[in-house]
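Asker: Take a look at this one; I'll ask things after.
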Amino acid sequence: MPAPIAVIDFETTGMGPLQGARATEVAIVLLEGERIVGRYQSLMRTGAWIPPFITQLTGITNAMVAAAPPAEEVMHEAARFVGDAPMVAHNASFDRKFWQTELALAGLDAPQPFACTVLLSRRVYPDAPSHSLGRLVDHLGLPRTGRAHRALADAEMAAELLARLQRDLGTRYAMDWPDHALLMELQRWARPSMDRLMGKYLAKAGRFAALAAQPLDDPISP
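Heads up: the sequence shown at position 160 corresponds to 160 in the UniProt record's numbering, and the numbers run straight through without jumps.
Right under this line is the structure:
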């Protein structure tokens with residue numbers, strides 16, 4: 001069974017914590033291989049004002065977050081839900097900043113490594129007409145799970161995209177289910193070098209597997 005991966009999405013009051021933006025909603029989908037095994041979602045109250053254009057985009061109003069649980073409580077619950085699972089987000093640089101900031105404000109660490117389905121999709125699906133989440137979902141024939149720019153719907157679509165991407169990688173390179181460590185490597189590779197680097201990665205992984213299976217009294221020579 002593949003190790004769990006936590007796919008996260010935030011809705012926020014703006015573009016980044018450095019500009020004073022705060023989260024308004026968080027959703028996390030726990031994925032094991034192609035199977036969703038858990039969901040967490042909550043609006044969150046930070047006291048930050050939601051601009052009208054954000055409400056128009058997300059449907060989240062100031063009244064909705066005023067009635068929501070405090071951000072510190074939500075982030076403690078979210079951290080417990082994620083546990084030690086590594087994380088994935090679509091445009092991870094955005095969600096990682098809010099994950100780290102909101103956890104820090106709640107007095108919690110954020111050690112999880114983040115992989116990004118935008119970067120990954122550019123390498124695996126270079127011919128896609130767009131690498132935005134909605135356009136990729138439509139391009140690959142994946143289900144739309146709800147209103148875009150609501151955290152749970154976007155997290156579920158990102159999870160569907162991640163599972164499809166892992167399955168296509170496994171098929172393309174005749175390999176076992178790609179794990180999070182490989183995704184972290186892959187997103188750093190230049191697209192033209194991907195086939196060569198995948199060959200080197202798989203050869204290295206195969207050698208480690210052979211070493212692990214070899215009896216101690218019959219070592220593989222270096």
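Heads up, the beta-carbon is just placed ideally off N, CA and C, and yes, glycines get one too.
Since the model is a prediction, treat every value here as computed from it, not as a measurement.
When the Cα of D195 is compared with those of L119, L169, E73, which residue comes out closest?
Answerer: As a working note, residue 195 is residue 195 in the sequence shown. For the residues L119, L169, E73, the minimum Cα distance to D195 belongs to L169.
Asker: When the Cα of E77 is compared with those of L108, K97, F98, P17, which residue comes out closest?
Answerer: Position 77 of the sequence shown, counting from 1, holds the residue named residue 77. Comparing Cα positions, the closest option is L108.
Asker: I'd like the span of the beta strand (DSSP E) that includes I28, first residue to last.
Answerer: Working through the sequence shown from its first residue, we reach residue 28 at position 28. 23-32 is the span of the beta strand (DSSP E), which, as asked, contains I28.
Asker: At 4 residues or longer, and completely inside the region 139-188: list those alpha helix (DSSP H) runs for me, N to C.
Answerer: Counting only runs of 4 or more, we get 151-172, 180-186.
Asker: Do you know offhand how far D9's Cα is from R164's?
Answerer: Position 9 of the sequence shown holds residue 9. Position 164 of the sequence shown holds residue 164. D9 and R164: Cα-Cα distance of roughly 18 Å.
Asker: Just how far apart, CA to CA, sit V7 and A158?
Answerer: The residue given as residue 7 occupies position 7 in the sequence shown. The residue given as residue 158 occupies position 158 in the sequence shown. Going from the Cα of V7 to the Cα of A158 covers about 7 Å.
Asker: Spatial neighbours of D218 within its chain, please: C-beta separation below 8 Å, excluding the five flanking residues on both sides.
Answerer: Within the sequence shown, the letter at position 218 stands for residue 218. For D218, the pLDDT reaches just 38, beneath the cut-off of 50, and the residue's location in the model is therefore unreliable, although a value from the coordinates is still provided. So the list is empty, once near-sequence residues are dropped.
Asker: Using the rule of at least 16 other Cβ atoms within 10 Å of the residue's Cβ for burial, across every protein chain shown, is M87 buried or exposed?
Answerer: In the sequence shown, counting from the first residue as 1, residue 87 sits at position 87. Per the 10 Å Cβ criterion, buried.
Asker: Provide the residue span of the beta strand (DSSP E) that contains M87, from first to last.
Answerer: Mapped onto the sequence shown, residue 87 falls at position 87. Taken as a continuous stretch (DSSP letters only), the beta strand (DSSP E) holding M87 covers 87-89.
Asker: Determine the extent of the beta strand (DSSP E) in which D127 is found, giving its start and end residues.
Answerer: As a first step, residue 127 is located in the sequence shown; it is residue number 127 there, counting from the start. Run containing D127: none; DSSP gives neither H nor E here.
Asker: Ordered along the chain, which non-local residues of its own chain (more than five positions away) have a Cβ less than 7 Å from that of R191?
Answerer: Within the sequence shown, numbered from 1, the residue matching residue 191 stands at position 191. So the qualifying residues of the chain are R122, R123, P126.
Asker: Taking the alpha helix (DSSP H) that D109 belongs to, which residues open and close that run?
Answerer: Along the sequence shown, read from residue 1 onward, the residue named residue 109 stands at position 109. Per DSSP, D109 belongs to no alpha helix (DSSP H) and is neither H nor E.
Asker: Starting from Q19, follow the beta strand (DSSP E) in both directions and report where the run begins and ends.
Answerer: Taking the first residue of the sequence shown as position 1, residue 19 is located at position 19. From DSSP, Q19 is part of no beta strand (DSSP E); its letter is neither H nor E.
Asker: In the structure shown, what three-state DSSP assignment does I54 receive?
Answerer: Here residue 54 refers to the residue found at position 54 of the sequence shown. Correct three-state label for I54: helix.
Asker: Could you give the distance in angstroms between the alpha-carbon of L133 and the alpha-carbon of A89?
Answerer: Residue mapping note: residue 133 aligns to position 133 of the sequence shown, counting from 1. Residue mapping note: residue 89 aligns to position 89 of the sequence shown, counting from 1. Rounded to the nearest angstrom, the two C-alpha atoms are 10 Å apart.
Asker: Could you tell me the distance, in whole angstroms, from the CA atom of D95 to the CA atom of P143?
Answerer: Working through the sequence shown from its first residue, we reach residue 95 at position 95. Working through the sequence shown from its first residue, we reach residue 143 at position 143. If you take the alpha carbons of D95 and P143, they lie about 22 Å apart.
Asker: What is the DSSP secondary structure of P70, reduced to helix, strand or coil?
Answerer: Walking along the sequence shown from the start, residue 70 turns up at place 70. Strand.
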